[in-house]
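Quick notes on the structure that follows.
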Amino acid sequence: MRRKKNNLRQKKKNLNRQYKQLISHAWQNEIILRRCQQMELRLMQCESFASLVQTLLTESPKNFELDQVALVLFDPKYDIRRLLLASEIDYQKLFPNLFFQYKKQMITQLLETEILPKLGPYDSMLHNHYFLSPNNTDRTILSVAALPLVQEKRIIGCLLFGDIQADRFVTDSATDFLQHLGSVISICIDMTLLRDRLKYSSLNDALTGINNRRFFEQRLPEEISRCKRSKTPISCLFVDVDHFKHFNDTYGHATGDLILKQVAGIIRKELRATDVVGRYGGEEFVVLLPNTDHQRAQEIAERIRKCIQKHRYKHEEHSLKVTVSIGIADFQKFVDENKTLAEIGQALVAAADNALYKAKQSGRNCIAVNS
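Given below as structure tokens:
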């Protein structure tokens, strides 16, 4: 009888322990679910790809109590990076834990399958490139969760969670929450990239691939404001292809389009990343040169003019010679506290346009400065 009572007590004790474990697991799952939902809501509120990456890489470590998070994206044609650059975002500086791969294999090797997250120990051969070296050796990553990012059955990337606890991510752990989170992140990446592409296309010239007039006119007052605050010079170039109508009429519009594309490419190549270039209309291009006085602007304009003149534009068996005229104006002449930034910007562009007219009157294929 006593033995039977002891067995019952032991069973009760075991059941109580199991019950407490179940309650504890349920409570932990509730916390994880709540954190996932909070994170998902934050991600779905992101309006741009850059804000999504910012949220993902800065808030995930706090939200899920992780040591490091890395985002690896499949970008074989440089499309995503081009969008970031078009948005004037220095992604390498802002997002050191954002990586791009042009080979799909570089991403799939991080995963077990393209469906389920892979959990396990840190592997230096696989993970060393993606996790920043800690200043403190006590913060060395020991376990990793790799979440596949898949959209419409195509792999678009991988999200890596790194933790200093060896038992944080172990092979046999359940991955339901992580799998769901990966699906939401995949959708958010696709949606924000789509928004950015639509925005970029509305501010981009379809023919030449550079910014259009709308983009330039948006940036103009911003750059004027910046140079006023920093008390630095800013100059404007107005570039026009000489005798462009002749090329169109003689060789056809396809050749005219080719000339515009190549001229735009040469201009862009000769500029810095901080400069702003746009197709203003027809065969006209406009350039803003921040932190550039009129002397330096003349040097840049002359370099562009010479490069365009030197280049040979092919049309069937013909090698065409193309030249440009360039007008130059600088901001200092239009500083007026009574004018708005937009008015100052318009005056600057108008002055460069007037200087262009002088260059045309002087025989074309030259530069002229607004006096």
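Residue 78 is where the sequence shown starts when you use my numbering, and the numbers rise one by one after that.
Quick reminder that beta carbons are idealized off the backbone N, C-alpha and C, glycines included.
Being a predicted model, the structure only gives us computed values, none of them experimental.
### Message
Short of 7 angstroms in beta carbon distance, which residues of its chain neighbour Q450, apart from the five on each side in sequence? Order them along the chain.
### Response
With the chain covering 78 to 448 only, the question about residue 450 has no answer from this structure.
### Query
Using the C-alpha atoms, what's the distance from K416 back to K383?
If you number the sequence shown from 1, residue 383 lands on position 306. If you number the sequence shown from 1, residue 416 lands on position 339. In a straight line, the C-alpha of K383 is about 36 angstroms away from that of K416.
### Reference V426, options N442, F362, D273, I287, closest by Cα
For this step, residue 426 is matched to residue 349 along the sequence shown. Minimum Cα distance to V426 is reached at F362.
### Query
Is it a yes or a no for the region 343-357 touching the region 283-294, going by three-plus beta-carbon pairs under 8 angstroms?
yes
### Message
I'd like the ranges of any alpha helix (DSSP H) spanning at least 4 consecutive residues and lying wholly in the region 364-445.
### Response
371-387, 418-438
### Task
Would you kindly check if the distance between the Cβ of A445 and the Cβ of I405 is under 9 angstroms?
Counted from its first residue, the sequence shown places residue 405 at position 328. Counted from its first residue, the sequence shown places residue 445 at position 368. In contact: I405 and A445 (Cβ atoms closer than 9 angstroms).
### Query
Should Q145 be labelled buried (16 or more other beta-carbon atoms within 10 Å of its own) or exposed?
As a first step, residue 145 is located in the sequence shown; it is residue number 68 there, counting from the start. The residue in question, Q145, is buried, as its Cβ has 16 or more Cβ neighbours within 10 Å.
#### Entry: CB of S164 within 9 angstroms of CB of D267, strictly
Here the question's residue 164 lines up with position 87 in the sequence shown. Here the question's residue 267 lines up with position 190 in the sequence shown. Not a contact, by the Cβ cut-off of 9 angstroms.
#### Entry: Strand pairing of D240, partner residues [DSSP]
In the sequence shown, the residue the question calls residue 240 occupies position 163. According to DSSP, which records beta bridges pairwise, D240 is partnered with S220.
### Query
According to DSSP, is G358 helix, strand or coil?
On the sequence shown, residue 358 is found 281 positions in, with the first residue counted as 1. Three-state DSSP puts G358 in a strand.
### Message
Please report the straight-line C-alpha distance between T327 and R119, rounded to a whole angstrom.
### Response
The count along the sequence shown starts at 1 and reaches residue 327 at position 250. The count along the sequence shown starts at 1 and reaches residue 119 at position 42. Roughly 57 angstroms separates the two Cα atoms.
### Task
Measuring alpha carbon to alpha carbon, tell me which of L365, T190, I421 ends up nearest A38.
Summary: the structure shown does not reach residue 38, with the chain confined to residues 78 through 448, and so no result is reported for it.
### Local conformation of N140 per DSSP, three classes
As a working mapping, residue 140 is identified with position 63 in the sequence shown. Helix at N140.
### Message
Which same chain residues end up closer than 6 angstroms to A374 when comparing Cβ atoms and leaving out the 5 residues on each side of it in sequence?
### Response
Against the sequence shown, residue 374 aligns to sequence position 297. Here the set comprises S312, L366, I405.
### Query
Are the Cβ atoms of H204 and G234 separated by less than 9 angstroms?
Here residue 204 refers to the residue found at position 127 of the sequence shown. Here residue 234 refers to the residue found at position 157 of the sequence shown. No; because the gap between Cβ atoms is not below 9 angstroms, this pair is not in contact.
#### Entry: Alpha-carbon to alpha-carbon, L129 and S137
In the sequence shown, counting from the first residue as 1, residue 137 sits at position 60. In the sequence shown, counting from the first residue as 1, residue 129 sits at position 52. Per the coordinates, the alpha-carbon of S137 lies some 11 angstroms from the alpha-carbon of L129.
### Query
Which value, in whole angstroms, describes the spacing of the CA atoms of E420 and I385?
By 1-based counting over the sequence shown, the position of residue 420 is 343. By 1-based counting over the sequence shown, the position of residue 385 is 308. Answer to the nearest angstrom: the Cα atoms are 32 angstroms apart.
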